[in-house]
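Undergrad: Those sequence lines, one after another, are chains U and F. The working numbering applies: residue 233 is where the first sequence begins, and numbers increase by one. The working numbering applies: residue 62 is where the second sequence begins, and numbers increase by one. Here it is, the structure in full.
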Amino acid sequence: MDFDPTRVAFIVVSAIAVVSAFRVVTAAKIMHAALWLGLTFLMLAGVFLLMGAEFLAAAQVLIYVGAITTIILFGIMLSEAAEVRGRGAAPLPVRRDDASLFRRIVLPALAVLAFVGVMVVVYSQVSWPDAPAGLGGDTVRMIGRALFTDFIIPFELAAVLLLIALIGAIVIAVRDNGRREQG
Amino acid sequence: MYEWLLGTGMSQSLANIIMGVLKSLIIIVFLAVSALILVLMERKVAGRIQNRPGPNRLGPGGMFQTFADAIKLVSKEDVVPSGADKAVYILAPLVIFAASVALWVVIPFGPNLVVQDLNIGLIYLAAVTGINVLAFLMAGWSSNNKWSLIGSMRSAAQLVSYEIPLVLTLVAVGMMAGSLRLGDVVAAQQGGIQNWFVFPQIIGFIVFVVAGMAEANRKPFDLPEGESELVAGYNTEYSGFRWAVFFLAEYANLIVFSALATTFFLGGPSGPLLPPIVWFFIKTYAVIFVTMWIGWTLPRIRIDHLMNLGWYVLIPLALINLGWTGLYVLWRG
């Protein structure tokens, strides 16, 4: 078999992504879950890179690894609940007695089966577009042009939405501050 | 080298991988040697500014002092605090060092002397810098120490605040060059000192230097360390080799920031007579010297002043610079 570095890289990157995504759910400490999430995001950037979407990969690292994971970590560190920070408290007790066999095994299994079924149907029905041939060029320029011509209205709407969220966050933070000073 | 590997009958992909490993090793050795030089330089500059000789016992003018320090650090016992989150504690210095090395991928030392001139170089730099924040938080949290935790929170707040003006100045540089590739940024500044971006981008340059010093945790922005109030910040619990890695990463960040200032505003590796790589190092070390000069002259600023400087001064300045750059590019045609 011919040694195809792109294929090998894809297998390694996607395997790490899947394993770390699994660890996000199973990690006992929420801090570890957040770090696994960061690794998943990083590996997804690798997948984008292998598809020739460099800009998307860089944006993925910038936004998801650099900003979102950091904010999640901040949230964990600043929260006061001991079980959230995973420090000095036992992990949440799992009550096995009152969870019946049906709820513990049959229901999750049914949910998983249903999801797999839906995904199989989707994958077999949808006709996937072929890999775009001309994507090797200057993707940044293409994205920029598309954003400011065809997608100008969604782009502006997203900007306004983010602005509203920003102002909302400030309003909430200021109100909480005032209350603390009074009390 | 690459051709030679292909000549031995090796497949192209294998040759690529070997070249990649070699280039990374060269960068790591380069960073280690730079750190040794910079530590000595820092202590000498500090000594001169504080009117004392600085290290002067080991070798001519104290030249071998840092070697001795490095050997001491490496031979120290490896200590992991008992309450620490061991896996994260061990990973944190590795993550921060990997991010520092990864930044060097796109920096042009000279014409054709770059690991990989990515076409998204500027965004790549911004993205990789963001990983540093994560590493600081990992180090501070996993140490199970209040000083570390406070230090890492300060680091993260500082890095996140100063990343915004930094990225805004990068955007302006990209607009000037009409490309996000660092090779094109250098090419746009060829042909003499009058073409350097530092003149049309003087506001951007100042914002970049201030924000870059804050990003690299240089004095007077070294609040995360703040030894008088925080012991040593996020790396309080680290010792020996792991601490050395943090130290190395810090100096790697200093030199990367200076190299970027050189590339973006000072014409990069270009100049008369001397070969480009020599000019690159002359300019980079000149920027480093200026940051050390500033750092040892000004007192450390207070945390609320730091935040105010970032949000009320640097970000508006960077935005003004962005608007001005747009007008300038339009006017230039």
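Glycine included, C-beta positions come from ideal geometry on N, C-alpha and C. Here the structure is a predicted model, which means the values were calculated and not measured.
If you compare alpha carbons, which of U:389, U:243, U:387, U:295 is closest to residue 185 of chain F?
TA: U:295
Undergrad: Could you tell me whether the Cβ of residue 365 of chain F comes closer than 9 Å to any Cβ of chain U?
TA: For residue 365 of chain F, no CB of chain U lies under 9 Å from its own CB, so it is not counted at the interface with that chain.
Undergrad: With 9 Å set as the bound, which would you pick, yes or no: does the beta-carbon of residue 388 of chain U sit closer than that to a beta-carbon of chain F?
TA: no
Undergrad: Counting only beta-carbon atoms, is residue 74 of chain F nearer than 9 Å to chain U?
TA: yes
Undergrad: Under a CB-based cut-off of 9 Å, is residue 254 of chain U close to chain F?
TA: no
Undergrad: Using a 10 Å radius around the Cβ and a threshold of 16 neighbouring Cβ atoms, would you call residue 406 of chain U buried or exposed?
TA: exposed
Undergrad: Indicate whether at least one CB of chain U lies closer than 9 Å to the CB of residue 184 of chain F.
TA: So yes, residue 184 of chain F belongs to the interface.
Undergrad: Residue 394 of chain U CB to nearest chain F CB: under 9 Å?
TA: no
Undergrad: Can you find the residues in the same chain that come closer than 6 Å, C-beta to C-beta, to residue 391 of chain F, ignoring five residues on each side of it along the sequence?
TA: none
Undergrad: Classify residue 171 of chain F as helix, strand or coil using the three-state DSSP reduction.
TA: Correct three-state label for residue 171 of chain F: strand.
Undergrad: Under 9 Å, do residue 313 of chain F and residue 269 of chain F count as touching if we go by C-beta distance?
TA: no
Undergrad: For the segment 169 to 196 of chain F, which residues have a CB atom closer than 8 Å to at least one CB atom of chain U, in sequence order?
TA: 179, 180, 181, 184, 185, 187, 188, 189, 190, 191, 192, 194, 195
Undergrad: So with Cβ pairs under 9 Å, would you call residue 291 of chain U a contact of chain F?
TA: yes
Undergrad: According to DSSP, is residue 125 of chain F helix, strand or coil?
TA: Three-state DSSP puts residue 125 of chain F in coil, outside helix and strand.
Undergrad: For residue 264 of chain F and residue 385 of chain F, which I take to be in contact (beta-carbon distance under 8 Å), what is that distance rounded to the nearest angstrom?
TA: 7 Å
Undergrad: Consult DSSP for residue 299 of chain F and reduce its assignment to one of helix, strand or coil.
TA: Reduced to three states, the DSSP call for residue 299 of chain F is coil.
Undergrad: Relative to the alpha-carbon of residue 180 of chain F, which residue among F:167, F:389, F:141 has its alpha-carbon at the smallest distance?
TA: F:167
Undergrad: Answer yes or no: does any C-beta atom of chain F fall closer than 9 Å to that of residue 270 of chain U?
TA: yes
Undergrad: Can you confirm whether residue 282 of chain U, when its beta carbon is compared against all beta carbons of chain F, has any partner nearer than 9 Å?
TA: No - not a single Cβ of chain F is within 9 Å of the one on residue 282 of chain U.
Undergrad: Hey, quick one: how far does the alpha helix (DSSP H) through residue 100 of chain F stretch, first residue to last?
TA: Looking at the DSSP string, the run of the alpha helix (DSSP H) that includes residue 100 of chain F is 73 to 110.
Undergrad: Out of F:301, F:105, F:256, F:175, point me to the one whose CA is closest to residue 133 of chain F's CA.
TA: Ranking the options by Cα distance to residue 133 of chain F, first place goes to F:301.
Undergrad: With a cut-off of 9 Å, does the C-beta of residue 250 of chain U fall near any C-beta of chain F?
TA: no
Undergrad: For residue 29 of chain F versus residue 309 of chain U, is the C-beta spacing smaller than 9 Å?
TA: Not covered by the structure: residue 29 of chain F. The range shown for chain F is 62 to 394.
Undergrad: Hey, would you say residue 278 of chain U sits closer than 9 Å to residue 253 of chain U, going by beta carbons?
TA: no
Undergrad: Helix, strand or coil for residue 130 of chain F? Go by DSSP, reduced to three states.
TA: Helix at residue 130 of chain F.
Undergrad: When burial is assigned at 16 or more other CB atoms within 10 Å of the CB, is residue 228 of chain F buried or exposed?
TA: buried
Undergrad: Quick check: what's the CA-CA separation for residue 111 of chain F versus residue 259 of chain U?
TA: 51 Å
Undergrad: Whose CA, out of F:92, F:361, F:231, lies closest to the CA of residue 159 of chain F?
TA: F:92
Undergrad: I need the straight-line Cα distance from residue 217 of chain F to residue 391 of chain U, nearest angstrom please.
TA: 25 Å
Undergrad: Chain U partners of residue 202 of chain F, CB-CB under 7 Å?
TA: 263, 309
Undergrad: Please report the straight-line C-alpha distance between residue 212 of chain F and residue 201 of chain F, rounded to a whole angstrom.
TA: 7 Å
Undergrad: Scan the segment 223 to 237 of chain F for residues whose Cβ lies nearer than 7 Å to a Cβ of chain U and list them as they occur along the chain.
TA: The segment 223 to 237 of chain F vs chain U, Cβ under 7 Å: nothing.
Undergrad: Give the secondary structure of residue 138 of chain F by DSSP, where H, G and I count as helix, E and B as strand, and everything else as coil.
TA: coil
Undergrad: Can you have a look at residue 328 of chain F and say buried or exposed, based on whether 16 or more other CB atoms are within 10 angstroms of its CB?
TA: Residue 328 of chain F sits buried, since 16 or more C-beta atoms from the chains shown fall within 10 Å of its C-beta.
Undergrad: Can you tell which of F:101, F:148, F:138 has the C-alpha that lies nearest to the C-alpha of residue 128 of chain F?
TA: F:101
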